[in-house]
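With our numbering, the residue at position 188 of the sequence shown is 335, and numbering never jumps. Glycine residues also receive a C-beta, built at the ideal position from the N, C-alpha and C atoms. Being a predicted model, the structure only gives us computed values, none of them experimental. Contents: one structure, followed by commentary.
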Amino acid sequence: MRIAIAAMMHETNTFTTQLTPLEDFRPVEGEAVYSSDYWMKEMPIGGIVQVLRKEGVEILPIYFAGALPSGVVTSSAYQVIKEKIVSGIKAEAANLDGVCLALHGSMFVQDVTDPEGDLLSALRQQLPADLPIACALDMHGNITEAMVTNANILVGYRTAPHIDVVQTGARAAELLLLSLREQRPFITRRAYVPLLISGEQSETDERPMNELLPLLDEMEKTPGLVSASLFAGFPWADSPHCGVNVVVVGDKDRAAALDQQAKWLADRVWEQRDNFNFTTESWPLPEAIEQALADPGQPIIISDAGDNPTAGAAQDLAIVVKALVERGVKDALVVGVVDPACVEQCFAAGEGELVHLNLGKSAYREDADPYPLEAEVVTRRALDSNRFAVVTKDGVMVVIAARRFGVTDPCLLGELGLKPEDFKIIVVKSGYISPEYQRLAARKMFALTEGDTNLVLTELKYEQVPRPIYPLDEM
148 MRIAIAAMMH ETNTFTTQLT PLEDFRPVEG EAVYSSDYWM KEMPIGGIVQ
198 VLRKEGVEIL PIYFAGALPS GVVTSSAYQV IKEKIVSGIK AEAANLDGVC
248 LALHGSMFVQ DVTDPEGDLL SALRQQLPAD LPIACALDMH GNITEAMVTN
298 ANILVGYRTA PHIDVVQTGA RAAELLLLSL REQRPFITRR AYVPLLISGE
348 QSETDERPMN ELLPLLDEME KTPGLVSASL FAGFPWADSP HCGVNVVVVG
398 DKDRAAALDQ QAKWLADRVW EQRDNFNFTT ESWPLPEAIE QALADPGQPI
448 IISDAGDNPT AGAAQDLAIV VKALVERGVK DALVVGVVDP ACVEQCFAAG
498 EGELVHLNLG KSAYREDADP YPLEAEVVTR RALDSNRFAV VTKDGVMVVI
548 AARRFGVTDP CLLGELGLKP EDFKIIVVKS GYISPEYQRL AARKMFALTE
598 GDTNLVLTEL KYEQVPRPIY PLDEM
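In structure tokens, the structure reads:
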């Protein structure tokens with residue numbers, strides 16, 4: 148048995164003005180994927196490879212491209228990725244038994260609103276009609292009809308924060324092998340829910356997701372239904388495909404039963420539409436700071452949710468730094484603002500020196516001025532293909548980075564010589580707070596800040612989402 152594998156993973160934020168070129172991806176070709184910790188330990192490809200190797204399948208690795216969530220992908224970048232995957236699989240089509248892919252589901256390209264569907268359609272045109280295609284997808288995928296029509300198997304993560312990424316790849320591969328070995332043609336069906344929800348309203352350990360997700364296991368007891376997934380969608384993509392989807396996979400001759408099961412769960416999701424509340428206590432920024440200062444515990448972890456790089460934000464807003472300094476907060480840490488010019492300035496000055504920085508943006512506007520900050524350089528480090536500087540101003544420390552990075556692992560603080568327990572307040576540029584930071588927190592909260600990832604979805608200027616859709620419209 149011979150199966151081709153490939154990946155195209157990007158969560159695209161259309162509200163940021165930044166574009167995503169090809170160099171922002173992590174392209175790996177062929178067997179080089181096996182030596183990539185990123186792909187083998189952090190992405191669904193790792194689970195796909197584990198299962199196929201265990202079952203003695205001959206694997207044909209094609210092309211693998213993934214990038215940190217960011218702005219709209221350039222047309223030229225997408226065309227390169229698409230051509231590499233399609234041409235690589237086409238060249239082996241006559242000798243393949245199946246294809247197993249890792250896709251995100253919420254990618255958006257300058258001239259293609261549904262690149263995952265476009266890629267799958269292009270592949271389907273090059274492959275025998277009965278050759279199965281399986282895909283592992285992010286829970287925050289905006290699932291489209293083109294994706295459902297052209298893939299036999301779509302399987303989504305079941306956790307947010309995502310801790311089952313590799314396992315989801317394994318499930319996709321297992322279903323593909325089940326279809327091949329039992330000669331059972333599978334189809335994918337979906338039921339759409341006109342609902343916009345953020346990840347911060349749908350963490351899977353909290354209501355209503357912790358009540359809805361167990362229903363997937365019950366659905367999979369239905370004869371002929373082999374997989375059920377609940378996709379919460381991605382609200383920071385102003386896309387005609389936004390919304391929640393229930394996706395089921397099963398036997399080709401059970402289409403009516405599959406549709407019935409998908410609609411049943413979609414109705415349960417709709418019934419809960421008013422219960423998708425923030426899963427962590429949430430405050431406007433000034434109130435969040437006051438709440439933290441009044442709490443006897445430390446550290447208090449505050450998410451600067453409007454400028455979350457792991458949902459594609461530019462990570463360049465200094466709004467929280469300004470608020471902390473002006474409030475006179477002591478023992479606070481902000482992780483971290485992206486400003487390559489300020490980082491270079493700190494590296495040139497040296498540790499212990501005073502620098503006059505024009506940091507990031509002082510407000511969420513294209514024409515906003517930077518925040519003027521006179522601060523002392525504490526630390527400078529080059530780490531993981533990035534450069535960091537730590538500065539301090541009247542008791543407020545700020546981590547400044549040359550490039551965007553996910554604020555998920557507090558080990559970074561130790562590498563910068565910082566101890567979390569030394570701070571009353573730690574502000575992370577994040578959405579839902581990572582499990583690692585949650586373990587440090589005496590208390591955690593969202594600051595409802597402006598930015599590319601504003602959690603108050605009704606404040607965003609949507610133009611392309613399907614209407615009506617809740618909560619933008621009364622329904």
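Practice problem: In angstroms with no decimal places, state the Cα-to-Cα distance between residue 555 and residue 578. | Solution: The alpha-carbon atoms of residue 555 and residue 578 are separated by roughly 10 Å.
_Counting beta carbon pairs with one atom in the region 462 to 481 and one in the region 561 to 576, are three or more of them shorter than 8 Å?_
Two segments are said to touch when three or more pairs of C-beta atoms, one from each, lie closer than 8 Å; by this definition the region 561 to 576 touches the region 462 to 481.
Leaving out five residues before and five after residue 151 in sequence, what residues of the same chain have Cβ atoms less than 7 Å from its Cβ?
-> For residue 151, where only same-chain residues beyond five positions count, the Cβ hits under 7 Å are 207, 209, 236, 239, 243, 246.
Worksheet item: Taking the alpha-carbon positions, what's the residue 213 to residue 168 distance?
Response: Distance between the alpha carbons of residue 213 and residue 168: 11 Å.
Can you list, in chain order, the residues of its chain with a C-beta nearer than 8 Å to that of residue 522? Leave out the 5 residues immediately preceding and following it. Within the same chain, residue 522 has close Cβ partners 501, 502, 504, 538, 539, 540, 545.
*asked:* Does residue 164 pass the burial test, meaning 16 or more other C-beta atoms within 10 Å, or should it be called exposed?
replied: Under this definition residue 164 is an exposed residue.
Practice problem: State the CB to CB distance for the pair residue 358 and residue 426, rounded to an integer number of angstroms; the pair is presumed to be in contact (CB under 8 Å). | Solution: Contact between residue 358 and residue 426 does not hold, since their C-beta atoms are separated by about 13 Å, which reaches or exceeds 8 Å.
Does the beta-carbon distance from residue 363 to residue 349 come in below 8 Å? In this structure, residue 349 does not lie closer than 8 Å to residue 363 by Cβ.
Query - Start-end ranges of the alpha helix (DSSP H) lying completely within the region 303 to 377, minimum 4 residues - result: Listed in chain order, the complete alpha helix (DSSP H) runs (minimum 4 residues) inside the region 303 to 377 are 312 to 328, 356 to 359, 361 to 366.
Return yes when at least one heavy atom of the ligand SAH lies under 7 Å from the C-beta of residue 219, else no.
Among the ligands in the structure shown, none appear at all, so the ligand SAH cannot be discussed.
inquiry  = When you compare the region 261 to 277 with the region 286 to 295, are there three or more beta-carbon pairs, one atom per stretch, that lie closer than 8 Å?
reply    = The region 261 to 277 vs the region 286 to 295: in contact.
DSSP three-state call for residue 234: helix, strand or coil? Correct three-state label for residue 234: helix.
Check: So residue 372 and residue 397 are in contact, right, with Cβ under 8 Å, and what is the actual spacing, rounded?
Finding: Between residue 372 and residue 397 the beta-carbon gap is near 4 Å, inside 8 Å, which marks them as a contact.
Quick one: grab the DSSP three-state call for residue 430. Three-state DSSP puts residue 430 in a strand.
Report buried or exposed for residue 455, applying the criterion of at least 16 other Cβ atoms within 10 angstroms of its Cβ. That one is buried.
**Message:** Assuming contact is defined by CB atoms lying nearer than 8 Å, are residue 159 and residue 253 in contact in what I supplied?
**Reply:** Closer than 8 Å, so yes.
Checklist line | Cβ-based burial, residue 558 [other Cβ within 10 Å; buried from 16] | finding: Classification for residue 558: exposed.
Given a threshold of 16 other Cβ atoms within 10 Å of its Cβ, counted over all protein chains shown, does residue 431 qualify as buried or as exposed?
-> Exposed, because fewer than 16 other Cβ atoms sit within 10 Å of the Cβ of residue 431.
For this session: Taking residue 297 as part of the alpha helix (DSSP H), name the residues at either end of that continuous run.
Result: Looking at the DSSP string, the run of the alpha helix (DSSP H) that includes residue 297 is 292 to 297.
>> What residue range does the alpha helix (DSSP H) around residue 521 cover?
In response: Premise fails: residue 521 lies in the beta strand (DSSP E), 518 to 530, not in any alpha helix (DSSP H).
| query | Which same chain residues, not among the five before or five after residue 417, have their C-beta less than 6 Å away from its C-beta? | reply | Hits under 6 Å: 340.
Report the three-state DSSP secondary structure of residue 575 (helix, strand or coil).
DSSP places residue 575 in strand when its eight states are reduced to three.
Which first and last residues belong to the alpha helix (DSSP H) in which residue 493 is found? Counting along the chain, the alpha helix (DSSP H) containing residue 493 begins and ends at 487 to 496.
Alpha carbon to alpha carbon, how far is residue 193 from residue 155? Give it in angstroms, no decimals.
Their backbone Cα atoms lie some 14 Å apart in a straight line.
According to DSSP, is residue 167 helix, strand or coil? Looking at residue 167 - three-state DSSP - the assignment turns out to be strand.
- Message: Beta-carbon within less than 6 Å of residue 283's beta-carbon, same chain only, minus the 5 sequence neighbours each way: which residues are those?
- Response: So the qualifying residues of the chain are 191, 249, 302, 315, 316, 319.
Report the residue from 568, 388, 585, 199 whose alpha carbon sits nearest the alpha carbon of residue 614. Of the residues 568, 388, 585, 199, the one whose Cα lies closest to the Cα of residue 614 is 388.
Next on the checklist: Quick check: the Cα distance between residue 616 and residue 181, rounded to an integer number of angstroms?
Outcome noted: The straight-line gap from Cα to Cα measures roughly 42 Å.
**Prompt:** Which same chain residues, not among the five before or five after residue 549, have their C-beta less than 7 Å away from its C-beta?
**Reply:** Hits under 7 Å: 487, 490, 533, 534.
Notebook entry, point to check: Which residue from 216, 415, 564 puts its Cα closest to that of residue 356?
Noted result: That would be 415, whose Cα lies nearest to the Cα of residue 356.
Residue closest to residue 393, alpha-carbon to alpha-carbon, out of 384, 368, 403, 337 = From the listed residues 384, 368, 403, 337, the smallest Cα separation to residue 393 is found for 337.
Quiz item: What number of angstroms, rounded off, separates the C-alpha of residue 586 from the C-alpha of residue 552?
Solution: Looking at the two C-alpha atoms, the distance is approximately 20 Å.
- Less than 8 Å between the CB atoms is what I'm expecting for residue 588 and residue 370, so what's the real figure, rounded? Actually they are not in contact, since the Cβ atoms of residue 588 and residue 370 sit about 46 Å apart, beyond 8 Å.
Can you look up residue 566 in the DSSP assignment and give me helix, strand or coil? Of the three classes helix, strand and coil, the one that applies to residue 566 here is coil, per DSSP.
Delimiting residues of the beta strand (DSSP E) encompassing residue 212: Element bounds for residue 212: 205 to 213.
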